[in-house]
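So the sequence shown is numbered by the working numbering: it starts at 1 and just counts up by one.
We put the CB at the ideal spot given by N, CA and C, even for glycine.
Have a look at the structure below, then the notes.
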Amino acid sequence: MGEERGQASVELVAALPALLLAALVALQLLAAGYALTLADGAAEAGALALASGGSAGEAARDALPGWAADDVAVSVAGGRVTVRLRPPSPFAAVAARLEATGEAAARPAR
Numbered sequence: 001m002g003e004e005r006g007q008a009s010v011e012l013v014a015a016l017p018a019l020l021l022a023a024l025v026a027l028q029l030l031a032a033g034y035a036l037t038l039a040d041g042a043a044e045a046g047a048l049a050l051a052s053g054g055s056a057g058e059a060a061r062d063a064l065p066g067w068a069a070d071d072v073a074v075s076v077a078g079g080r081v082t083v084r085l086r087p088p089s090p091f092a093a094v095a096a097r098l099e100a101t102g103e104a105a106a107r108p109a110r
């Protein structure tokens with residue numbers, strides 16, 4: 001029995017990297033889901049502005065939080081507003097692959 005002393009500590013140290021990786025993946029997936037929700041809301045805000053005669057791009061950008069200013073692309077074609085948003089990530093390649101797209105359409109104001 002004396003030989004088993006410290007076994008729990010060794011197991012914890014061995015499992016810690018796997019636990020940290022699982023936490024990082026879970027947080028990244030949550031950030032991707034949040035980015036999708038934000039992109040949908042911004043596209044809808046842009047479409048509503050377009051329908052009322054305002055600037056769809058400006059309204060879509062105003063609907064996003066400050067951290068998203070450098071990670072968003074807004075395009076307007078006819079009555080369709082498309083918002084592409086990269087989620088926050090410590091790895092740029094991961095953020096690019098998890099890019100969220102939101103679309104909304106409205107008739108332009110006459």
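Apart from the 5 residues on each side of it in sequence, A32 sits with its Cβ closer than 6 Å to the Cβ of P87, L98 in its chain, given in chain order. Considering only G41, A26, L20, L48, the residue with the shortest C-alpha distance to A106 is L48. When the alpha-carbon of G78 is set against those of V94, A104, S89, L36, the nearest one is in A104.
Taking 8 Å as the upper bound for CB-CB distance, R84 and A73 are in contact here, some 4 Å apart. Our two residues, E58 and L29, have alpha carbons roughly 28 Å apart in a direct line. A35 is positioned such that its CB atom lies closer than 9 Å to that of A100.
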